[in-house]
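First up is the structure itself, then whatever we jot down about it.
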């Protein structure tokens, strides 16, 4: 009877240790390196000046690369964190400016500015875990993060990013769309001093920045 009791205790202890080890393995961070293209859109709000003197920002294509990690918090809840490098192409024209090369002649011109910005990207998110088959995992969720400017004449801002992630424990696919929850100021675009209709004009604008991103990643 004593041996049976001892054997039972040992089996229970071994089972408990195995379950604890499995839980620790399951609750570890899973890291992925991901990269991909993105589209940046700019929506302006102008506070002064004429429509002809406002800047014209075009939608642009660029890319990003980062390290993304997921960690289980509960049965269906995951936490994520991201650290990476983000690129954004600015391509815009300033408003029209008048000049007078000769008496009775008025010349209108615009300055075309194109600049590739580099930013550090940090975000945290929460995701709902949906299991697909034996190895598939679908993880819709939302993240809040910060773009930290690393370029001259760049800008920083906070963003909110809903997204959809899929992994088979080796590959990671994602589709995300981010938006700034407030208007931001962009150097050389938010404040333009020009001459129009014979008068000096100061055009002031702010922008909402929206980005659509597609990425492929691998676990490491």
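Numbering (UniProt numbering), first residue to last: 1 to 220. Note that beta-carbon positions come from the ideal geometry of N, C-alpha and C, so glycine has one too.
Check: Touch test, the segment 131-138 against the segment 89-96, Cβ-Cβ under 8 angstroms, three pairs minimum; Outcome: no
Check: DSSP-derived helix/strand/coil call for residue 190; Outcome: coil
Check: Straight-line Cα distance separating residue 42 from residue 112; Outcome: 16 angstroms
Check: Environment of residue 59 [buried if 16+ CB atoms lie within 10 Å]; Outcome: exposed
Check: DSSP three-state assignment for residue 111, whether helix, strand or coil; Outcome: coil
Check: Nearest-angstrom Cα separation, counted from residue 193 out to residue 175; Outcome: 39 angstroms
Check: For residue 125 and residue 73, the rounded distance between their alpha carbons; Outcome: 12 angstroms
Check: Buried versus exposed, by CB contacts within 10 Å (16 or more), residue 203; Outcome: buried
Check: Chain-order list of residues whose beta-carbon lies under 8 angstroms from that of residue 35 (same chain, five-residue window excluded); Outcome: 63, 64, 65, 66, 215, 216 and 217
Check: Beta-carbon gap between residue 201 and residue 94 smaller than 8 angstroms; Outcome: no
Check: Identity of the residue in 159, 136 and 138 nearest residue 146 by Cα; Outcome: 159
Check: Length of the line joining the Cα atoms of residue 118 and residue 195; Outcome: 32 angstroms
Check: As assigned by DSSP and simplified to three states, the class of residue 167; Outcome: strand
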